[in-house]
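Working notes for the structure below.
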Amino acid sequence: MDRRAALVEELRVGGTLSAKELATRLGVSKRTIIRDIARLQDEGVPIRLDPGGYTIDPTEEIKRAIDRALTGRRVLRIDYDGKAGPTTRDVEPSIFLGGRGGYWYLVAWCRLREDVRVFRLDRITSATLTSERYPEPSKARMDELTAALPT
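With our numbering as the guide, the letters of the sequence shown map in order to residues 90 to 240.
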């Protein structure tokens, strides 16, 4: 694993860490950590500086996974904390939009329910891109997806 990948993994596992803590863990200088973080941020990794140190913003990481799934037509595995409790499901994302009350929504074909579902972003606790691609939705499926949009 290269140093920058190790840095990202340290932040994912360790939560909020200072540049000094990261430098000690990775055996490099604090200056190297700061430079690596700047490069990672330029590459789109959602690292932010909080009062206690650097951290990865999980919501931004989920948004990035959704964006990559949409642009690459890739199946997305999500952990979703819905009203009936937490579930893991594979979905075929089609629309990602902001809505009323400042919430973001993902409209997708849910393979678990075999139906169109609307997922609120703040209830998605994890999103992992799979290697599986899904086909272009049919006109009928697109009509279902559009009808499911929150109003």
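Built from N, CA and C at the ideal position, the CB exists for glycine as well.
Worksheet entry | Cβ neighbours of K109 in the same chain (closer than 7 Å, five flanking residues each side left out) | Along the sequence shown, one-based indexing puts residue 109 at 20. K119.
Fill in: Through-space distance from C199 to S227, alpha-carbon basis
For this step, residue 227 is matched to residue 138 along the sequence shown. For this step, residue 199 is matched to residue 110 along the sequence shown. The alpha-carbon atoms of S227 and C199 are separated by roughly 15 Å.
Worksheet entry | Supposed contact pair L100 and I136 - C-beta distance, whole angstroms, cut 8 Å | Within the sequence shown, numbered from 1, the residue matching residue 136 stands at position 47. Within the sequence shown, numbered from 1, the residue matching residue 100 stands at position 11. Indeed they touch by this definition, with Cβ atoms about 7 Å apart.
Item to complete: Compute the beta-carbon to beta-carbon distance between I145 and F208, rounded to the nearest angstrom, for a pair I have assumed lies under 8 Å.
Response: Residue 145 sits at position 56 when you count from the first residue of the sequence shown. Residue 208 sits at position 119 when you count from the first residue of the sequence shown. Contact between I145 and F208 does not hold, since the beta-carbon distance rounds to 21 Å and is not under 8 Å.
Practice prompt. Identify which residue in D156, V134, L165, T105 has its Cα closest to the Cα of G142.
Written response: Along the sequence shown, read from residue 1 onward, the residue named residue 142 stands at position 53. Answer by Cα proximity: T105.
Worksheet item: Rounded to a whole number of angstroms, what is the C-alpha to C-alpha distance between F185 and E203?
Response: Counting from one through the sequence shown, the residue named residue 185 turns up at place 96. Counting from one through the sequence shown, the residue named residue 203 turns up at place 114. For F185 and E203, the distance between alpha carbons rounds to 19 Å.
Worksheet entry | Own chain partners of E221 with C-beta closer than 6 Å, once the 5 adjacent residues on each side are dropped | Here residue 221 refers to the residue found at position 132 when the sequence shown is read from its first residue. In its chain, beyond the 5 residues on either side, V164 have a beta carbon closer than 6 Å to the beta carbon of E221.
Discussion item. For D91 and R153, what's the separation of their Cα atoms in angstroms?
Written reply: For the purposes of this step, residue 91 is identified with residue 2 of the sequence shown, where counting begins at 1. For the purposes of this step, residue 153 is identified with residue 64 of the sequence shown, where counting begins at 1. Approximately 22 Å between the Cα atoms of the pair.
Discussion item. Considering only the alpha carbon of each residue, which of S215, A197, T219 lies closest to R230?
Written reply: Counting from one through the sequence shown, the residue named residue 230 turns up at place 141. Checking every option, the nearest Cα to that of R230 belongs to A197.
Practice prompt. Could you round the C-beta distance between L115 and L138 to whole angstroms and report it? I think they count as a contact, below 8 Å.
Written response: For the purposes of this step, residue 115 is taken as residue 26 along the sequence shown, with counting starting at 1. For the purposes of this step, residue 138 is taken as residue 49 along the sequence shown, with counting starting at 1. Going by Cβ atoms, the distance from L115 to L138 rounds to 17 Å, so no, they are not a contact pair.
Worksheet item: Just the Cα atoms here: how many angstroms apart are D125 and E233?
Response: Here residue 125 corresponds to residue number 36 of the sequence shown, with the count starting at 1. Here residue 233 corresponds to residue number 144 of the sequence shown, with the count starting at 1. For D125 and E233, the distance between alpha carbons rounds to 44 Å.
Practice prompt. Please classify E203: does DSSP put it in a helix, a strand, or coil?
Written response: Position 114 of the sequence shown, counted from the start, is the residue given in the question as residue 203. Looking at E203 - three-state DSSP - the assignment turns out to be coil, as it is neither helix nor strand.
Worksheet item: Thinking just about the alpha-carbon of each residue, which of T148, V180, R93 is nearest to the one in E132?
Response: Sequence index remark: in the sequence shown, residue 132 carries index 43 (1-based). Of the candidates T148, V180, R93, the one whose C-alpha sits nearest the C-alpha of E132 is R93.
Discussion item. According to DSSP, is T121 part of a helix, a strand, or is it coil?
Written reply: The sequence position of residue 121 within the sequence shown is 32, counting from 1. Looking at T121 - three-state DSSP - the assignment turns out to be helix.
Worksheet item: Excluding five sequence neighbours on each side, which residues of the same chain lie with their C-beta closer than 6 Å to the C-beta of L210?
Response: Residue mapping note: residue 210 aligns to position 121 of the sequence shown, counting from 1. Answer for L210: W193, listed in chain order.
Fill in: Through-space distance from T217 to A236, alpha-carbon basis
For the purposes of this step, residue 236 is taken as the residue at position 147 of the sequence shown. For the purposes of this step, residue 217 is taken as the residue at position 128 of the sequence shown. So the two alpha carbons sit approximately 26 Å from each other.
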